[in-house]
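Have a look at the structure below before the remarks.
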Amino acid sequence: MTELWRGSLLESRHTGHAVICDDTGQIVRAWGDPEAVIYPRSSCKMIQALPLVTSGAADKYGLDTEHLALACASHNGAAIHTDRVRAWIDQLGLVDQDFRCGPQIPDDRDAMYGLIRTHEQPCQFHNNCSGKHSGFLTLAAHMGAGPDYVEIDHPVQQAALAAFEETTGETSPTYGIDGCSAPNFATTLHGLARAMAWFASAADRSDRQSIAAERLARAMMLHPELVAGEGRACTELMRAMDGRAAIKTGAEGVFIAIIPEKRLGVAVKIADGTTRAAECAISAILVGLGVLEADHPATRRFMNAPILNRRGIDTGIIKPAEQLV
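So that you can map any letter, position 65 of the sequence shown is 65 in UniProt numbering, and since no number is skipped, the others follow by simple counting.
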């Protein structure tokens with residue numbers, strides 16, 4: 001899928017799988033094994049957020065597009081993220097202790113240095129999944145369900161499972177516990193790409209699930225800075241595509257794309273779990289589909305990107321494998 005060249009030598013290669021699926025659920029193109037079973041990790045947050053919208057909870061609590069983008073986010077913990085999460089939870093009458101995602105040192109440097117300077121510890125608001133968990137808490141409040149919303153038998157997670165199996169078109173064979181303590185349901189690459197194609201074609205339908213899917217994907221495209229953060233592939237590449245696609249990373253080398261104008265969904269999994277390879281591969285696929293410019297500065301950060309050493313000397317390149325292009 002992705003190669004790293006140093007000088008004239010192929011120094012590293014990353015294998016993996018990728019699927020492009022159309023709005024009928026059929027595979028348009030595939031690399032590797034489309035039936036490989038994976039955990040989507042954070043790439044499927046828009047599926048986990050579907051019940052937040054379809055239940056009526058989002059409208060009941062007045063959630064706007066920023067809230068919905070954060071519900072789909074793996075954010076950097078910058079002020080633009082944590083300030084909004086705090087306000088959201090305040091609106092619910094809840095506090096940091098009501099989260100079940102755990103504290104995390106923010107990836108945003110200003111936020112991290114701010115904590116260090118004031119000798120403060122990170123809290124759960126800083127967790128990159130706090131937007132998703134705010135959505136879970138909102139749904140739990142709407143349902144009148146208990147506080148342990150990450151438990152597999154909790155109504156919130158059962159609603160997420162139902163949405164996951166409906167959109168992937170598969171019965172999930174198992175689940176694992178994600179870094180934020182929520183269940184993460186397994187599916188095939190084909191199933192994940194099928195779900196993303198379903199999101200991509202949601203505007204063509206008028207059922208409640210599809211209306212919710214279109215709202216979530218649109219929110220991601222409207223607020224790429226909330227979905228990830230400055231310097232991150234999700235944010236930078238969505239900005240470069242100017243609303244033509246919603247994309248989302250997941251841990252262990254997963255990446256998805258929702259492309260409404262082409263009614264296509266994409267799912268990528270790098271076998272060794274390397275983020276740099278997933279970012280390069282998804283960029284190459286988006287370029288190949290004509291929604292991302294190969295020479296855009298954002299694209300060049302992740303695909304055909306120069307490898308600079310500590311003196312700024314160009315020592316090599318990370319690029320997609322020939323068969324991917």
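Using N, Cα and C, we set each Cβ at its ideal position, and we do this for glycine too. Since we're looking at a predicted model, the values are computed, not measured.
Reference residue i; option with closest CA among the options
i: Y61; options: A79, Q91, G102, G191; result: Q91
i: L222; options: H67, G290, D148; result: H67
i: I307; options: T315, A217, A267; result: T315
i: A294; options: V268, V325, L264, S134; result: V325
i: R244; options: S55, P106, V287; result: V287
i: G191; options: P34, M1, G176, N184; result: P34
i: E279; options: L139, S43, M143; result: S43
i: C101; options: T138, G16, I282, A182; result: A182
i: P155; options: D110, L52, D64, R86; result: L52
i: M196; options: W5, M143, C21, H296; result: C21
i: Y39; options: G77, A203, P320, N184; result: N184
i: C129; options: P147, Q121, P106; result: P106
i: P122; options: P103, L139, R109; result: P103
i: R208; options: T2, A233, A163, A71; result: A163
i: F302; options: L292, N309, R310, R311; result: L292
i: K45; options: R310, I80, F255; result: F255
i: E165; options: A186, I152, I177, E151; result: A186
i: G25; options: H75, I47, S201; result: S201
i: R29; options: E322, R84, L289, R310; result: L289
i: Q48; options: A69, L10, Q323; result: A69
i: H75; options: T249, Q323, P260; result: T249
i: I27; options: A298, W198, D108; result: W198
As assigned by DSSP and simplified to three states, the class of residue i
i: I285; result: helix
i: F99; result: coil
i: E66; result: helix
i: F302; result: coil
i: R13; result: strand
i: I247; result: strand
i: L308; result: strand
i: P85; result: For clarity, residue 85 is Val in the given sequence; the question names Pro instead. V85 falls in the helix class under three-state DSSP.
i: residue 365; result: The question about residue 365 has no answer here: the residues shown for the chain are numbered 1 through 325.
i: A294; result: coil
i: E214; result: helix
i: Y113; result: helix
i: G93; result: coil
i: S137; result: In the sequence as presented, Ser is not what sits at residue 137; that position holds Leu. Correct three-state label for L137: helix.
i: R239; result: helix
i: I152; result: coil
i: G131; result: helix
i: T274; result: coil
i: R194; result: helix
i: E322; result: coil
i: R232; result: coil
i: E279; result: helix
i: residue 364; result: Because residue 364 is not part of the residues shown, which for the chain are 1 to 325, the question remains open.
i: M220; result: helix
i: M1; result: coil
i: H119; result: coil
i: P147; result: coil
i: H142; result: helix
i: S201; result: coil
Those residues which DSSP pairs with residue i across a bridge
i: N184; result: G176
i: W31; result: A18
i: A267; result: V19, I256
i: R6; result: L9, G316
i: V37; result: T188
Closer than 8 Å: residue i CB and nearest the ligand HEM heavy atom
i: E3; result: Judged by which ligands are present, the structure shown has none, so any question about the ligand HEM falls away.
Original post:
Can we say the stretch 263-283 touches the stretch 2-19, given the rule of at least three CB pairs closer than 8 Å?
Top reply: yes
Original post:
Taking three-plus beta-carbon pairs below 8 Å as touching, is the stretch 261-268 in contact with the stretch 212-219?
Top reply: no
Subject >> At least 3 beta-carbon pairs within less than 8 Å: the stretch 125-140 vs the stretch 80-97 >> reply: yes
Original post:
Quick check: the stretch 141-151 against the stretch 167-175, are there 3 or more CB pairs under 8 Å?
Top reply: no
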